[in-house]
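Read through the structure below, which is laid out as structure tokens, and then see the notes.
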């Protein structure tokens with residue numbers, strides 16, 4: 001479809017988004033975090049997901065998360081990385097996309113370690129959403145929600161314009177195709 005045609009006869013399908021607190025989203029978009037931990041019972045969804053930077057994050061919560069990112073990188077044998085200050089990180093916006101390829105329940109306990117070496121940011125007892133094809137995109141201010149929440153192309157276009165909304169739509173379609181090939 002030519003870029004100047006805007007869904008002439010149909011409404012674009014709803015995309016799904018997931019809110020993630022900082023600095024965890026930063027570690028996904030800028031680092032090597034490829035597991036997003038949740039306390040959900042399960043997750044059957046596989047496919048693209050827009051990555052939303054949650055607006056809320058307390059100072060103490062942020063400091064604890066930065067410490068955890070640093071510890072996990074050491075456990076994984078990775079070079080130290082400087083996490084930006086909370087005020088420098090995007091919040092209250094959709095700013096990336098990834099593909100959910102699996103969901104694994106992590107063991108409740110791991111012998112002799114808070115984090116397991118080569119665990120890939122997995123948290124004991126949590127459900128780990130496995131992410132691939134992570135891509136940072138221009139931020140679009142957007143209100144988040146719990147769980148996977150719907151986002152329409154028209155909503156993104158209203159806030160950011162069609163050019164930016166089309167970047168997200170095109171990335172979504174690309175990852176949908178990748179999900180179909182992987183299935």
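Numbering (the UniProt record's numbering), first residue to last: 1 to 183. Think of the CB as a built atom: it goes at the ideal place given N, C-alpha and C, for glycine as much as any other residue. Keep in mind it's a predicted model, so treat the numbers as computed, not measured.
Report, in whole angstroms, the separation of the C-beta atoms of residue 36 and residue 175, which I expect to be a contact under 8 Å.
-> Not quite, the Cβ-Cβ distance comes to about 15 Å (not below 8 Å), so this is no contact.
Inter-residue spacing [alpha-carbon to alpha-carbon] between residue 128 and residue 50 = The alpha-carbon separation between residue 128 and residue 50 amounts to approximately 17 Å.
To the nearest angstrom, report how far apart residue 99 and residue 60 are at their CA atoms.
-> Their backbone Cα atoms lie some 30 Å apart in a straight line.
Residue 150: buried (16+ other C-beta within 10 angstroms of its C-beta) or exposed?
-> exposed
May I ask which residues mark the beginning and end of the beta strand (DSSP E) holding residue 99?
-> 93 to 105 is the extent of the beta strand (DSSP E) around residue 99.
I think residue 140 touches residue 93, with their Cβ atoms under 8 Å apart; what is that distance to the nearest whole Å?
-> 6 Å
8 Å Cβ shell around residue 43 - same chain, five flanking residues per side excluded = 100, 103, 127 and 129
If we count the other Cβ atoms within 10 Å of its Cβ and call it buried at 16 or more, is residue 21 buried or exposed?
-> Its Cβ being crowded by 16 or more others within 10 Å, residue 21 is buried.
Quick one: what's got a C-beta closer than 8 Å to residue 54's C-beta in the same chain, skipping five residues either side?
-> Within the same chain, Cβ atoms closer than 8 Å to the Cβ of residue 54 are found at 19, 20, 21, 22, 25, 91, 92 and 144, the five residues on either side in sequence being excluded.
Would residue 181 be called buried (16 or more neighbouring beta carbons within 10 Å of its own) or exposed?
-> exposed
Just tell me which of 58, 64, 108 and 73 has its CA closest to the CA of residue 34.
-> 73
For residue 97, count neighbouring C-beta atoms within 10 Å of its own C-beta (all shown protein chains included) and say buried if the count is 16 or more, exposed if not.
-> Burial call: buried.
Consult DSSP for residue 25 and reduce its assignment to one of helix, strand or coil.
-> helix
Looking at the structure shown, is residue 56 part of a helix, part of a strand, or coil, going by DSSP?
-> coil
Nearest-angstrom Cα distance between residue 108 and residue 40?
-> Spanning the two alpha carbons is a distance of roughly 14 Å.
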